[in-house]
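Asks: Numbering (mature numbering (1 follows the signal peptide of the UniProt record, and there is no 0)), first residue to last: -30 to -1, 1 to 268. Built from N, CA and C at the ideal position, the CB exists for glycine as well. Model, not experiment: these values are computed from the prediction. Before we start, here is the structure in question, set down as C-alpha cells.
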Amino acid sequence: MMAKNFWGRTASAILVGAMLLMGAAVPAMAQNVRATVNGTIITDLQVAQRQKLFALEGNRGGSKGALDQLVTEAIQLGEAKRIGITVSNAQVDEALLQIARNMKVSQDKLVSMLQQGGVGMDTLKDRLRAAIAWNAVTEQAIMPQVQISELSLDQEAAAKVQVYQGFDYILKEVIFVGSAGRSGQANSYRSKFSGCDTAVDLSLGYTDAAVIDVGRRHATQMPEAIAKELAGLNVGGITKPRAVETGLSMLAVCEKTQAEDLTFIKGDLRAEAGNTALGGQSETYMAELRKNAKIIFN
C-alpha cells in the first residue's frame, strides 16, 4: 500500500519538520489551500517549497509554474491509483540515490544542498513519486496504444543505408594495452599483418598485445568512421590503430561479404518513432485526464 503522502501530514508535523530543517524555531504559520484536485489538497506551503526547488534547478516557472506542476502530479498520482499502481518508499529512495549519482555527489551532500536552498527532502521525494507513478502509467496504459508502421520503417531504413554499410564481416580485434609508447608497436604489427590465421602468432612477438575474436558484425552496427574504413579493406586487411579505453585497437577482416541488413537501422528508427509517438500519446492522455479532473483554485 502506498505510504502516506507528505502533503497529507498534519500541519503541526510539517512545521516541526520545517523547523528542524531550518535549524531554528519559527512562528507557526497557517496553511492556505491553493487548489483541490479531485479531492487532493494543495497548500501554499507546498507551492512555496516547490518554487524553492525550482530556484535550485534554475527553473523560472515561479509560483504559477509550481502550482501547475503540483496539479499535474496530483492528477498523475490519482490515475496511477485508479489503475492499481503503487510506488514504494524503496523506489523513491532508489530514484533519489540515482539523482545523487548523476550529480556525482553523496546522498548526504544532496540533502545538504536542498537544505541550504530551504527545500525539504519530502518536496523532492513527492515529485519523484509522481514521476515514477506516471512512468508506470505510461508503460501500462499508454504504450500499448502506440502503433508504428513496419512498412514505413523498412522504407525509411532502406533510404538511409549508405554504400559502405552494405557489408557483413567476421572480425578479430588486436589490442595493445596502454596507449603510451604503444603506437610504434601497433603500427609495426599492422605492417607485418598477413591475415587472421596468423594474428595470434604474430602478437606473441609484441609486449602487451592481445587478439580477441569479435565474431560477425554488420557494418550498420559500427560507428561510421570504422564502417567506412572497413569497407575499403579486403579480407586479410587491418584498420589503423585507434585509441580505446584500454589502449590502441585495430580490427582485422577475416571474412567480408556483401549483405544488406536493415535490422539495426530499423531499431534506431523504431526507438525514435516510438518515443515521438509515445510523447504525443502521453500528452493526449494527460490532456484528457486534466479535462475530466475536478480542479478548484482558491
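Rounded to whole angstroms, how far is the Cβ of F146 from the Cβ of A179, which I believe are closer than 8 Å?
Replies: 5 Å
Asks: Looking at chain C, is there any beta carbon in it that lies within less than 7 Å of the beta carbon of R152?
Replies: Within the model displayed, chain C is absent; a lone protein chain is all it includes.
Asks: In three-state DSSP terms, what is E215?
Replies: Three-state result, E215: coil.
Asks: Just to confirm before moving on: does the CB-CB distance between E143 and I182 stay below 7 Å?
Replies: Going by C-beta atoms, E143 is nearer than 7 Å to I182.
Asks: Can you tell which of H188, R186, R187 and Y159 has the C-alpha that lies nearest to the C-alpha of L174?
Replies: Y159
Asks: Report the rounded CA-to-CA distance for residue 269 versus K236, giving the unit in angstroms.
Replies: Nothing can be reported for residue 269, as the shown portion of the chain is limited to -30 through 268.
Asks: Would you kindly work out how many angstroms separate the C-alpha atoms of E225 and F137, rounded to a whole number?
Replies: 10 Å
Asks: According to DSSP, simplified to helix, strand and coil, what is D63?
Replies: helix
Asks: When the Cβ atoms of the region 45 to 52 are set against those of the region 103 to 114, are three or more pairs found closer than 8 Å?
Replies: yes
Asks: Roughly how many whole angstroms lie between the Cα atoms of L141 and E194?
Replies: 16 Å
Asks: Identify, in the order they occur along the chain, each residue of the same chain with its Cβ nearer than 8 Å to the Cβ of I12, setting aside the five sequence neighbours on each side.
Replies: W(-24), V3, R4, A5, T6, L37, L40, V41 and A44
Asks: Whole-angstrom Cβ separation of K264 and N8, contact assumed at under 8 Å?
Replies: 5 Å
Asks: Identify the continuous alpha helix (DSSP H) that holds F24 and give its terminal residues.
Replies: D14 to E27
Asks: Measuring only the C-alpha atoms, how far is F267 from A18?
Replies: Each residue's Cα considered, the two are about 16 Å apart.
Asks: Pull up the distance between the alpha-carbon of A25 and that of A60, whole angstroms please.
Replies: 27 Å
Asks: Is the beta carbon of V107 closer than 7 Å to that of L248?
Replies: no
Asks: Under 7 Å between the Cβ atoms of L23 and Q1?
Replies: For the 7 Å CB-CB criterion, L23 and Q1 do not form a contact.
Asks: Taking DSSP as the reference, what is the three-state secondary structure of M192?
Replies: coil
Asks: Can you confirm whether the region 155 to 171 touches the region 205 to 213 when touching is taken to mean that 3 or more C-beta pairs between the two stretches lie within less than 8 Å?
Replies: yes
Asks: Note the first and the last residue of the continuous alpha helix (DSSP H) segment covering K34.
Replies: G32 to R52
Asks: Is the separation between the beta-carbon of Y139 and that of A197 shorter than 7 Å?
Replies: Result no, Cβ atoms of Y139 and A197 do not sit closer than 7 Å.
Asks: Name, in chain order, the residues that DSSP records as bridge partners for G175.
Replies: Looking at the DSSP assignment, G175 forms no beta bridge with any residue, so it has no partner.
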